[in-house]
Amino acid sequence: MSALLYRLGRRAALRPLIPLLSWLLVIGAVVALLATQTPSISTSLTLDDAPAQQVLDDVSEALPEAGGTQGTLVFQATDGGRVDTPGRADAIGRALDAAAGSGLVLDRDARLLDQRADVESTVRDSVEARVADDVRLRIEELIDAVDGGLPVDGPGAQGDQAAQLAPRIAAISTTGRDLLAAPDEELISGASDLFADAEQLQADLSRAGMDLGALPVPEDGMSDPAAAVESAAATGTADALGRLDSLLRGPSPRGTELATSDGTRPSVLVSDDGTSAIASVQLGKQVSDLPAGSLDDMLASLDTVVADEGLTVAASSSLQPLEPPIGGHEAIGLAIAAVVLVLTLGSLVLAGLPILLALAGVFIGVGGAYALSANFEMTTSTPALGLMLGLAVGIDYALFIVHKQRSLQVRFGLDTIESTAHAVATAGGAVLFAGATVVIALLGLLTLGMGFVSTMAVTAAITVVLAVALALTALPALLGLLGRSRGRAAAQHQAPPEPRHGRSHFGRAAQRWITATTARPTLTIVLVVLALGALAVPASQMQLGMPSGAVSAPGSEQRTTYDAVSDALGEGANAPLIVALTPTDPDAVDQDRLEAWQAELADHEGAANVTLMGSSEDGSLVLYTVVPGAGPTDADTADLVHAVRSSEIADVEEVGVTGLTAINIDLSESLRRAVPVYLSLVALLSLVVLLLVFRSLVVPLAATGGFLLSIGATLGLVVTAFGGPDFTWLVGVDRAGPVLSFLPIMATGILYGLAMDYQVFLGTSIREVYIHGGSAREAVVEGFHHASRVVVAAAVIMVSVFAGFVLSDDAMIRQFGFALSIGILIDAFLIRMTLIPAVLHLAGDHAWWLPRWLDRILPELDLEGTRLEVGPAPAEARTASPTPPPPRERLIG
0 MSALLYRLGR RAALRPLIPL LSWLLVIGAV VALLATQTPS ISTSLTLDDA PAQQVLDDVS
60 EALPEAGGTQ GTLVFQATDG GRVDTPGRAD AIGRALDAAA GSGLVLDRDA RLLDQRADVE
120 STVRDSVEAR VADDVRLRIE ELIDAVDGGL PVDGPGAQGD QAAQLAPRIA AISTTGRDLL
180 AAPDEELISG ASDLFADAEQ LQADLSRAGM DLGALPVPED GMSDPAAAVE SAAATGTADA
240 LGRLDSLLRG PSPRGTELAT SDGTRPSVLV SDDGTSAIAS VQLGKQVSDL PAGSLDDMLA
300 SLDTVVADEG LTVAASSSLQ PLEPPIGGHE AIGLAIAAVV LVLTLGSLVL AGLPILLALA
360 GVFIGVGGAY ALSANFEMTT STPALGLMLG LAVGIDYALF IVHKQRSLQV RFGLDTIEST
420 AHAVATAGGA VLFAGATVVI ALLGLLTLGM GFVSTMAVTA AITVVLAVAL ALTALPALLG
480 LLGRSRGRAA AQHQAPPEPR HGRSHFGRAA QRWITATTAR PTLTIVLVVL ALGALAVPAS
540 QMQLGMPSGA VSAPGSEQRT TYDAVSDALG EGANAPLIVA LTPTDPDAVD QDRLEAWQAE
600 LADHEGAANV TLMGSSEDGS LVLYTVVPGA GPTDADTADL VHAVRSSEIA DVEEVGVTGL
660 TAINIDLSES LRRAVPVYLS LVALLSLVVL LLVFRSLVVP LAATGGFLLS IGATLGLVVT
720 AFGGPDFTWL VGVDRAGPVL SFLPIMATGI LYGLAMDYQV FLGTSIREVY IHGGSAREAV
780 VEGFHHASRV VVAAAVIMVS VFAGFVLSDD AMIRQFGFAL SIGILIDAFL IRMTLIPAVL
840 HLAGDHAWWL PRWLDRILPE LDLEGTRLEV GPAPAEARTA SPTPPPPRER LIG
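Here it is, written out as structure tokens:
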């Protein structure tokens, strides 16, 4: 490997334009993609086989309108006064009308009014049908009674009167027959006159002393069927609407409906003190599917509508426009990295090379992924994570090679071309191997089968691959150009040679550190293990979840909305659950059954309220909204989800629970189960990889055990800082919350790869001294001295870059920044530079023991470049030959 990398580095340094122009073409291609492609950021995290996701898919298929993003708008007065005054209530109504008019938001108030009108129409139709049936029966009896007629040949005047009344009798019969054939509405309206005519005929016959027999008349209250319909419809409608309101508001509603000049707004609830109006809104689509900028424009228009009345409007996080949470905070870490680079390399120009290459790699990797995001599921955290990791490893990998090149120039007097080629062959080999371990660890996350985790892992892995590729090709090309422009004398003038056998200030500090570490190695090991074990204890109480508005930055819209909803409607109103019931007989679903199901769901412990959400047209799916008593990340809410899922409800075939809260609960539980599996996978990978590199049994076991200690301590500190209310000040947050559900998995993969960076650089330096004849304990001291300076610089740079993201306002990125920065701090300084040297010193020669049969079958990687010899190369070799120069002195350090 070292010979291959030597040729690669030498060729790049001799012919720098080829690799540099190639990378410029790649950057140009990414620019073109960004200019021509429309990126797409996912609104939420999904897990295809999660129960909540499967229910959501079924709901979206049966009720497409229920598949859009749901969220909350909170209206408050700038003066702290009431929001339900006539002027302000009307302003809120106009704002919601404007939102509906934008085409983005479904008009829920209009739908509720339509639903009420449908109820009224249904009740009226039912009443009319019942009254019409009764009227038809009475008319048929009336026709039968009058069809016999009167005898017109009776004595004298009676016969004359009968002849005079006969046409009226015939008219009643004819009218009755016509009404029987008429629609219900016409039948009812005409029956009143018919019954009145029949009643008058009966009276006239009685006065004339004639009798057709008792004519059938309507029952009490039905002599005027039209009036009876109106009375029964009003009574029935009031009862039905009352029951509908009970279904829609639930048995334990909170807040009152907003009253405007044109009626009430059922979708807007006013808090008891009148200072907040909470509007539930639903978009017609997911946020990621909306046209670019449309959501911003809509929210801005709402601000304009209510501003004149002294109102403000804040949107919940689900309604916020999707943007990667990348601001200016990462510049702080870059500034610190620049200072460390200058101090380490002694040159502004050389210090700029790692930063330049890191930025190029991040632009290609993150920019390319962002441009192509319409083709896969990308969350807002993915670009930030790629930026975070790409900057850190990009700077560090370039630093390792540049530092090696400068060291070769100073210690061995090599020119720019040869020093660059040897730096790529040695430090570049370690970079290649370290980068490969990071990539393998990240790609191992694909085994989880989670789309958004896979996207994060692949994006981060691509940025690492780009960092390695740039360090092995573009960096030697730039070093070659720099050396060619300044010449060897100028290059040496950048940093005066150090005395071969002297110690710099850093060297003396490293000497004191390694001496103290190895003086009592057993004590060192025990102290490190106990300290990290104590820090890891809180990890056993780790609560996973997705950060909600409760832990958003104070004053942000998400935080304002969350707190206002909690104060007005209870914290559980921020965590609504959608319960989907599949009836055993859809045709038998009626209001009585809907009310019974609502009551059964409300009986669950932890359910604060249950409301009817809707049903499919064929009745095969009935949806309820269950409001928990606790917040979205509370354990009681998760218990409620499981209790509802496992419940048996009469006349219901299947019970499903979905919604953002349920999806996040399922996601967190799935990831929690995956953590031990992935940790085992990483530990096994670590043992195999380190066995190949160091050809030792002790080193892989110690390094892997140290990594497990560091990841445990890291997660323990994350739980302490973000989950413990007494220590949130450490990370600048004012409320404790859950640990990001996918942070343990992602942090494990990333920190493992980065830990191997330091293990490889320190371990290979120690092993190199040992295989060149030094004793095992001398090798620990000498190897540590050669590698510790650059490892400390690299660790400080990584910690600085990651810590810059702790200042982010985004809760996810803040946790990632803290976890990675504290993880690197622990692993680099306590594990790689303290525990491992102590273990190697204590083990002595046994540290490098390997069974002969295993030594024979393992491939020789030669990361230390032991097959390369260092010495002044002949002129013709420096200009033409790609093979290593003749021996003079072996490379150490």
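Residues in the sequence shown are numbered from 0 upward in steps of one, following numbering that gives the first Met the number 0.
Every residue, glycine too, gets a C-beta built ideally from N, C-alpha and C.
Proximity winner among the options, relative to residue i (alpha-carbon distances)
i      : options                           : result
SER619 : ALA634, ALA579, ILE648 and LEU600 : ALA579
ARG14  : ALA476, LEU839 and VAL651         : ALA476
SER667 : GLY715, ALA702, PRO743 and GLU616 : PRO743
ARG81  : GLY273, PHE74, GLY532 and LEU447  : GLY273
ARG788 : SER764, GLY532, ALA802 and VAL467 : SER764
GLU140 : SER59, GLN542, VAL564 and LEU193  : LEU193
ARG176 : ALA202, ARG135 and GLN199         : ARG135
VAL305 : ASP808, ALA88, ILE17 and VAL697   : ALA88
GLY393 : ALA76, LEU355, THR263 and PRO553  : LEU355
ALA34  : GLN52, ALA701 and TYR369          : TYR369
THR906 : SER188, ASP83, SER251 and ARG405  : It is not possible to answer for residue 906, since the shown part of the chain is limited to 0 through 892.
PHE74  : THR454, ARG410, THR311 and SER709 : THR311
GLN53  : ALA702, GLY658 and SER101         : GLY658
LEU441 : ARG671, PHE741, ALA225 and LEU24  : PHE741
ALA190 : ASP203, ARG206, VAL228 and ALA162 : VAL228
Outcome for residue i when other beta-carbon atoms lying within 10 angstroms are tallied against a minimum of 16
i      : result
VAL791 : buried
GLU781 : buried
ARG9   : buried
LEU72  : buried
ALA831 : Residue 831 is actually Arg in this sequence, not Ala. Burial call: buried.
GLY86  : exposed
TRP852 : exposed
TRP847 : buried
Boundaries of the alpha helix (DSSP H) in which residue i is found, first to last residue
i      : result
ALA701 : 697-717
PRO224 : 224-248
SER1   : 1-13
SER764 : 742-770
VAL312 : That residue, VAL312, is in no alpha helix (DSSP H); its beta strand (DSSP E) goes 310-314.
GLY393 : 380-411
GLY613 : That residue, GLY613, is in no alpha helix (DSSP H); its beta strand (DSSP E) goes 606-614.
Residue i versus residue j - alpha carbon distance
i      : j      : result
ILE524 : ALA837 : 7 Å
PHE815 : GLY722 : 14 Å
VAL674 : SER125 : 59 Å
ALA128 : ALA144 : 24 Å
PHE375 : PRO575 : 28 Å
PHE399 : VAL717 : 30 Å
ALA313 : GLY544 : 24 Å
ARG527 : LEU834 : Sequence check: residue 527 is Val here, not Arg. Taking the straight line from one Cα to the other gives about 7 Å.
ARG511 : ALA786 : 15 Å
THR719 : LEU447 : 27 Å
GLY427 : ILE812 : 31 Å
PRO50  : TYR396 : 43 Å
ALA337 : MET745 : 27 Å
THR581 : VAL651 : 6 Å
LEU268 : VAL800 : 45 Å
VAL104 : VAL564 : 20 Å
SER39  : ARG405 : 44 Å
Rounded Cβ spacing between residue i and residue j (contact assumed at less than 8 Å)
i      : j      : result
VAL457 : GLY434 : That belief does not hold up - the Cβ atoms of VAL457 and GLY434 are roughly 15 Å apart, past 8 Å.
GLY249 : VAL609 : 5 Å
ARG776 : HIS845 : With 8 Å as the limit, ARG776 and HIS845 do not qualify as a contact, their Cβ atoms being about 12 Å apart.
ARG110 : LEU240 : At roughly 15 Å, the Cβ-Cβ gap does not stay under 8 Å, so ARG110 and LEU240 are not in contact.
SER539 : ALA61  : The pair is not a contact, with the Cβ atoms about 42 Å apart (cut-off 8 Å).
VAL656 : ARG644 : 5 Å
ALA509 : PHE783 : 6 Å
ILE171 : ASP196 : 6 Å
GLN557 : GLN319 : 7 Å
Endpoints, the beta strand (DSSP E) within which residue i is located
i      : result
GLY554 : From DSSP, GLY554 is part of no beta strand (DSSP E); its letter is neither H nor E.
GLY254 : Unbroken run through GLY254: none, as it is neither H nor E.
ARG264 : 262-269
SER275 : 275-281
Cβ-heavy atom distance, residue i to the ligand FAD, below 7 Å
i      : result
VAL674 : The model on display carries no ligand, and the ligand FAD is accordingly not part of it.
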